[in-house]
Amino acid sequence: MKIFITGASGFVGGAFVKTYAKTHDITAMSRSDKSDAAIRALGATPVRAALGEVKTEQLKGFDAVVHCAAYVEEWGPWEDYWRVNVDGTKELLIAAKGADVKRFVHIGTEAALFHGQHMRNVDEHYPLSLNSPYPYARTKAHAEKAVREANDSSTGFTTIVVRPRFVWGPGDQTILPAIKAMVEKGQFAWIDGGRNKTSTTYIGNLTHAMNLALTKGQGGNAYFVLDGPPVVFREFMTRMLNAAGVIPGDRAVPGWIVRTIAYLGETAYRALNIKSKPPLTRFTANIMSRDCILIDDKAKREMGYAPAFTIDQGLEALRQSL
Numbered sequence: 004m005k006i007f008i009t010g011a012s013g014f015v016g017g018a019f020v021k022t023y024a025k026t027h028d029i030t031a032m033s034r035s036d037k038s039d040a041a042i043r044a045l046g047a048t049p050v051r052a053a054l055g056e057v058k059t060e061q062l063k064g065f066d067a068v069v070h071c072a073a074y075v076e077e078w079g080p081w082e083d084y085w086r087v088n089v090d091g092t093k094e095l096l097i098a099a100k101g102a103d104v105k106r107f108v109h110i111g112t113e114a115a116l117f118h119g120q121h122m123r124n125v126d127e128h129y130p131l132s133l134n135s136p137y138p139y140a141r142t143k144a145h146a147e148k149a150v151r152e153a154n155d156s157s158t159g160f161t162t163i164v165v166r167p168r169f170v171w172g173p174g175d176q177t178i179l180p181a182i183k184a185m186v187e188k189g190q191f192a193w194i195d196g197g198r199n200k201t202s203t204t205y206i207g208n209l210t211h212a213m214n215l216a217l218t219k220g221q222g223g224n225a226y227f228v229l230d231g232p233p234v235v236f237r238e239f240m241t242r243m244l245n246a247a248g249v250i251p252g253d254r255a256v257p258g259w260i261v262r263t264i265a266y267l268g269e270t271a272y273r274a275l276n277i278k279s280k281p282p283l284t285r286f287t288a289n290i291m292s293r294d295c296i297l298i299d300d301k302a303k304r305e306m307g308y309a310p311a312f313t314i315d316q317g318l319e320a321l322r323q324s325l
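This is the structure:
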């Protein structure tokens with residue numbers, strides 16, 4: 004299959020290219036010489052383009068678009084989140100449809116449902132949080148809405164949303180490096196003792212699901228893809244940090260204190276127009292202290308999804324990579 008992918012220099016997009024470059028003919032969006040070199044090293048062909056500026060002509064002849072790129076920073080202007088996550092996705096949909104691309108696979112997130120609450124036994128019927136107070140969550144919700152609404156059976160334009168949760172494994176550029184740095188600086192503590200439960204998605208299981216979504220699944224639908232049953236956050240995170248040679252310690256802090264500190268910190272930074280990221284954001288404080296237990300029965304039923312890797316296999320791969 005001939006595929007155009009965005010976000011190939013990131014964790015998820017890069018892992019997909021590395022895994023499937025020999026199976027598919029992949030062209031990847033690139034914005035710099037450095038990205039060009041990284042994309043070629045993964046086995047794909049780079050093409051100069053930026054999200055929001057991809058032209059219909061650039062997508063002619065492709066069978067599918069895999070959209071991984073997003074603005075995922077913890078902190079920044081609302082307009083930056085909207086411009087990349089929503090406008091960028093809508094413009095890419097228009098270009099893909101105009102180029103007669105048949106399949107559009109969008110990497111979503113459980114955060115698109117999140118507005119600060121526990122999420123327990125959640126499946127795809129759970130509503131998108133289109134008014135979430137967190138810019139990443141709100142804009143990813145609107146992006147997913149646009150993707151699903153763009154599905155058009157009359158023209159054969161099929162859109163699929165793949166929703167992972169807590170993506171981890173070799174190549175992680177966000178979660179593990181950030182927590183490892185906090186531990187090493189003595190700044191890490193378990194929120195509410197780390198007792199909350201969470202679903203997880205190993206990177207190899209996510210890329211497997213993305214490949215399935217190129218041919219399977221019902222158009223206009225979203226699918227959770229997970230490692231299996233939920234885990235206790237502290238137990239899982241301890242094993243992941245141990246794989247990286249880090250011992251997290253036992254210090255804990257009540258969740259309500261963490262969330263209050265994050266709220267006050269953000270309020271002060273915005274009032275004073277401070278551009279740098281506060282020590283702790285409300286989104287991080289809330290999503291790291293809530294249960295997030297998801298159900299992926301729909302992906303198993305409609306896409307034939309099953310985890311390609313166990314958590315133990317993923318941890319060993321992570322250990323070897325580090």
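My numbering puts the first residue of the sequence shown at 4, with every later residue one more than the last.
Even for Gly, the Cβ is constructed at its ideal location relative to N, Cα and C.
If the five residues before and after G248 are omitted, its C-beta is found closer than 8 angstroms to the C-beta atoms of L325, all from its own chain and listed in chain order. When E94, F191, M306, T287 are compared, the shortest CA-CA separation from L209 is found for M306. The count of Cβ pairs closer than 8 angstroms, one atom from the stretch 87 to 97 and one from the stretch 38 to 46, stays below three, leaving the stretches out of contact. Spatial neighbours of I194 in its own chain (CB-CB distance under 7 angstroms, excluding positions within 5 residues in sequence) are listed in chain order as V256, G258, V261, M291, S292. When secondary structure is reduced to three states using DSSP, F160 falls in the strand class. Put simply, the stretch 100 to 107 touches the stretch 53 to 65. At least three CB pairs are less than 8 angstroms apart. Under the criterion of beta carbons closer than 8 angstroms, E82 and A115 do not qualify as touching, at roughly 19 angstroms.
Going by DSSP, T210 is part of the alpha helix (DSSP H) stretching over 206 to 216. Within the stretch 38 to 86, the complete beta strand (DSSP E) segments of 3 residues or longer fall at 48 to 51, 67 to 70, listed in chain order.
Here DSSP, grouped into helix, strand and coil, assigns K188 to coil.
Secondary structure within the stretch 232 to 261: the alpha helix (DSSP H) runs of 4 or more consecutive residues, fully enclosed, are 236 to 246 (chain order).
The beta carbons of A225 and E127 sit closer together than 7 angstroms. Excluding its 5 nearest sequence neighbours in each direction, H27 has C-beta neighbours in its own chain below 6 angstroms: M4, I6, listed in chain order.
Between D294 and H121, the gap from beta carbon to beta carbon is short of 7 angstroms. Scanning its chain for C-beta atoms nearer than 6 angstroms, with the 5 sequence neighbours on each side dropped, one finds around G119 the residues N289, in chain order. Of the other Cβ atoms in all chains shown, fewer than 16 fall within 10 Å of the Cβ of L267; this residue is therefore exposed. When the Cα atoms are used, K278 and Y272 turn out to be separated by approximately 8 angstroms.
T48 sits away from M32, with the two beta carbons spaced by 7 angstroms or more.
If you compare the alpha carbons of P251, R285, K280, N276 with that of I264, the shortest gap goes to R285. G223 sits away from N134, with the two beta carbons spaced by 7 angstroms or more. Note on the stretch 263 to 310: whole beta strand (DSSP E) runs with a minimum of 3 residues are 295 to 297, in chain order. With fewer than 16 other beta carbons inside 10 angstroms of its own, K188 counts as exposed. L297 places its beta carbon less than 7 angstroms from that of R168. In this structure G174 touches I206 by the C-beta definition: roughly 7 angstroms separates them, less than 8 angstroms. Distances from the alpha-carbon of V150 to those of G46, C71, Q176, A212 put C71 closest. A Cβ-Cβ distance of about 4 angstroms is found for the pair R322 and A246, placing them in contact under the 8 angstroms criterion.
Pairing P310 with A274, the inter-Cα distance amounts to about 46 angstroms. Taking all protein chains shown into account, I250 has fewer than 16 neighbouring C-beta atoms within 10 Å of its C-beta and is therefore exposed. Burial of R106 is indicated by the presence of at least 16 other C-beta atoms within 10 angstroms of its C-beta. Boundaries of the beta strand (DSSP E) harbouring T9: 5 to 9, taken from the DSSP string. In the DSSP assignment, S33 falls outside any alpha helix (DSSP H) and lies within the beta strand (DSSP E) extending over 28 to 33.
Straight-line spacing of the CA atoms in G196 and A73 works out to 31 angstroms. Classified as exposed, P136 has fewer than 16 neighbouring CB atoms from the shown chains inside 10 Å of its CB.
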